[in-house]
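Asker: Encoded as structure tokens, here's the structure I'll be asking about.
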Amino acid sequence: MIEPTHRSISIARQCELLGLARSSFYYEPKPESEQNLKLMQMLDKQFTTTPFYGVRRMTAWLATQGEAVNPKRVRRLMREMGLESIYPKPNLSKAKDNVRKYPYLLKEQEITVPNQVWSTDITYISLPQGHIYLVAVIDWYSRYVLSWELSNTMDVTFCLSALDRALTQNTPKIFNTDQGSQFTSLAFTSRLEQKGIAISQDGRGRALDNIFVERLWRSVKYEEVYPKAYTSVKEAMQELDKYFHFYNNVRLHQSLDYQTPATVHFKQPNKEVHM
Numbered sequence: 006m007i008e009p010t011h012r013s014i015s016i017a018r019q020c021e022l023l024g025l026a027r028s029s030f031y032y033e034p035k036p037e038s039e040q041n042l043k044l045m046q047m048l049d050k051q052f053t054t055t056p057f058y059g060v061r062r063m064t065a066w067l068a069t070q071g072e073a074v075n076p077k078r079v080r081r082l083m084r085e086m087g088l089e090s091i092y093p094k095p096n097l098s099k100a101k102d103n104v105r106k107y108p109y110l111l112k113e114q115e116i117t118v119p120n121q122v123w124s125t126d127i128t129y130i131s132l133p134q135g136h137i138y139l140v141a142v143i144d145w146y147s148r149y150v151l152s153w154e155l156s157n158t159m160d161v162t163f164c165l166s167a168l169d170r171a172l173t174q175n176t177p178k179i180f181n182t183d184q185g186s187q188f189t190s191l192a193f194t195s196r197l198e199q200k201g202i203a204i205s206q207d208g209r210g211r212a213l214d215n216i217f218v219e220r221l222w223r224s225v226k227y228e229e230v231y232p233k234a235y236t237s238v239k240e241a242m243q244e245l246d247k248y249f250h251f252y253n254n255v256r257l258h259q260s261l262d263y264q265t266p267a268t269v270h271f272k273q274p275n276k277e278v279h280m
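Residues 6 to 280 in our numbering are what the sequence shown spells out, letter by letter.
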């Protein structure tokens, strides 16, 4: 891991070599109220199960759990957690600077080989006094996680870092994302276009258009994040590194006829790959 006192390699260079967002190392969790942390943990777990729930349904669900919360508060917390882009909002047709809309290319598309379609998304991870964000790039055919990054902010930088790491391995024909600001930004879309990659974007409010990433997050959350309950960014990085190695190289997937993603992706039995 990173050695802050290393005499010849700066922290920035160490982060670059390890493929980590530099902001992840410097991050000091911003304290949240105990009540907000509780609500955010509840929202995270419920959203993992029902990613199609918007503010109204989440507010109603919280009420069934004995938490009477104003919808404005739920909206603010969901936005802070990065869940805002999943549900429809008004004025979607209004043009924004540096944003270009792309069609959803995967309806009735048959996925038959690795590197035909890649996809990415961001999810929220709770810490005792704050939170961090996880982004991953996954191959639709093999379910292989090509890269991942952690960050304390939702800006495009760590998404670009994950994309660049994935592109060192191969190039997909289609890259699918939601319409989050990170993925509609010129910085992100131009990177794909320069490589000749077709861009596909989910429809607003149709989270299941990115179903394989949603399934990945469900596995990550219920098999790793929730049981471990990380206490620091450093612990999260270390444990997620172990988990994604397990996910790619050891975990048998029913949808892959009980093979590992690495086996299917590289078509070599028992091949272990380190990111």
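Idealized CB from N, CA, C, for every residue including glycine.
Hey, L172 and L155 are a contact pair by Cβ (cut 8 Å); roughly how many whole angstroms apart?
Answerer: Within the sequence shown, the letter at position 167 stands for residue 172. Within the sequence shown, the letter at position 150 stands for residue 155. Actually they do not touch by this definition, with Cβ atoms about 19 Å apart.
Asker: Which partner residues does Q206 have in the DSSP bridge list?
Answerer: As a first step, residue 206 must be located in the sequence shown, where it is residue number 201. In the DSSP output, where bridge partners are listed per residue, Q206 has T182.
Asker: Taking buried to mean at least 16 other C-beta atoms within 10 Å of its own C-beta, is Q206 buried or exposed?
Answerer: As a position in the sequence shown, residue 206 is number 201, starting the count at 1. When all chains shown are included, Q206 counts as buried.
Asker: If you draw a straight line from the C-alpha of C164 to the C-alpha of V218, how long is it?
Answerer: On the sequence shown, residue 164 is found 159 positions in, with the first residue counted as 1. On the sequence shown, residue 218 is found 213 positions in, with the first residue counted as 1. Each residue's Cα considered, the two are about 15 Å apart.
Asker: Excluding sequence positions up to five away, which residues of its chain have a Cβ less than 6 Å from the Cβ of V269?
Answerer: Translated into positions along the sequence shown, residue 269 becomes position 264. So the qualifying residues of the chain are S147, L261.
Asker: Helix, strand or coil for A65, going by three-state DSSP, please let me know.
Answerer: What you label residue 65 is simply residue 60 of the sequence shown in a count that begins at 1. The answer is helix: DSSP assigns A65 an H, G or I state.
Asker: Taking the alpha-carbon positions, what's the R80 to S152 distance?
Answerer: Taking the sequence shown and counting its residues from 1, the one referred to as residue 80 is at position 75. Taking the sequence shown and counting its residues from 1, the one referred to as residue 152 is at position 147. Each residue's Cα considered, the two are about 30 Å apart.
Asker: Looking at C-alpha atoms only, which residue of L48, L67, Y248 is the closest neighbour of M86?
Answerer: In the sequence shown, residue 86 corresponds to position 81, counting from 1. Nearest option by C-alpha distance: L48.
Asker: Under a Cβ-count criterion, where at least 16 other Cβ atoms within 10 Å of its own Cβ denotes burial, should Q187 be classed as buried or exposed?
Answerer: Along the sequence shown, one-based indexing puts residue 187 at 182. By the neighbour-count rule (16 or more Cβ atoms within 10 Å), Q187 is buried.
Asker: Please report the residue range of the beta strand (DSSP E) in which I143 lies.
Answerer: Residue numbering aside, residue 143 sits at position 138 when the sequence shown is read from its first letter. Unbroken beta strand (DSSP E) run through I143: 135-144.
Asker: What do you get for A167, buried or exposed, if any count of 16 or more other CB atoms within 10 angstroms of its CB means buried?
Answerer: In the sequence shown, the residue the question calls residue 167 occupies position 162. By the 10 Å Cβ count, A167 comes out buried.
Asker: From A141, N175, Y107, pick the residue whose C-alpha is nearest to that of Q2; which is it?
Answerer: The chain is shown from 6 up to 280; residue 2 falls before or after that span and cannot be answered.
Asker: Using C-beta distances below 8 Å, list every residue in its chain close to L82, excluding the 5 sequence neighbours before and after it, in chain order.
Answerer: In the sequence shown, counting from the first residue as 1, residue 82 sits at position 77. Correct list, in chain order: N41, L44, M45, L48.
Asker: Starting from the Cα of N157, find the closest Cα among M242, P177, Q70, N75 and give me that residue.
Answerer: For the purposes of this step, residue 157 is identified with residue 152 of the sequence shown, where counting begins at 1. Ranking M242, P177, Q70, N75 by Cα distance to N157 puts M242 first.
Asker: Would the beta-carbon of P119 be found less than 7 Å away from any heavy atom of the ligand GDP?
Answerer: Inclusion of the ligand GDP in the displayed structure is not the case, the ligand content being empty and no account of it being possible.
Asker: Going by alpha carbons, who is nearest to K77 out of G71, G59, Q70, T69?
Answerer: Here residue 77 is taken as the residue at index 72 of the sequence shown, counted from 1. Per the Cα distances, G59.
Asker: What span of residues does the alpha helix (DSSP H) with E113 cover, start to end?
Answerer: Residue 113 sits at position 108 when you count from the first residue of the sequence shown. Run containing E113: none; DSSP gives neither H nor E here.
Asker: Within this structure, are the beta carbons of N181 and L88 separated by less than 8 Å?
Answerer: The count along the sequence shown starts at 1 and reaches residue 181 at position 176. The count along the sequence shown starts at 1 and reaches residue 88 at position 83. Not in contact: N181 and L88 (Cβ atoms no closer than 8 Å).
Asker: Would E265 pass as a contact of N253 if the rule is Cβ separation under 8 Å?
Answerer: As a first step, residue 265 is located in the sequence shown; it is residue number 260 there, counting from the start. As a first step, residue 253 is located in the sequence shown; it is residue number 248 there, counting from the start. Correcting the residue identity first, residue 265 is Thr in this sequence and not Glu. Their beta carbons are under 8 Å apart, which means T265 touches N253 by this criterion.
Asker: For Y107, list the residues DSSP reports as bridge partners.
Answerer: Stepping through the sequence shown from its first residue, residue 107 is reached at position 102. Answer is none; Y107 lacks a bridge partner.
Asker: Compare the Cα-Cα distances from G185 to each of T53, D126, E39 and report the closest residue.
Answerer: Residue 185 sits at position 180 when you count from the first residue of the sequence shown. Of the listed residues, the one whose Cα sits closest to G185 is D126.
Asker: Can you tell me whether D160 is helix, strand or coil according to DSSP?
Answerer: Taking the first residue of the sequence shown as position 1, residue 160 is located at position 155. Correct three-state label for D160: coil.
Asker: Kindly indicate which residue of E113, L221, S38, P232 has the alpha-carbon position closest to the one of A141.
Answerer: Sequence index remark: in the sequence shown, residue 141 carries index 136 (1-based). Nearest of E113, L221, S38, P232 to A141, Cα basis: L221.
Asker: With distances taken from CA atoms, which of K178, D183, N215 is nearest Q199?
Answerer: As a first step, residue 199 must be located in the sequence shown, where it is residue number 194. Among K178, D183, N215, the Cα nearest to that of Q199 is on K178.
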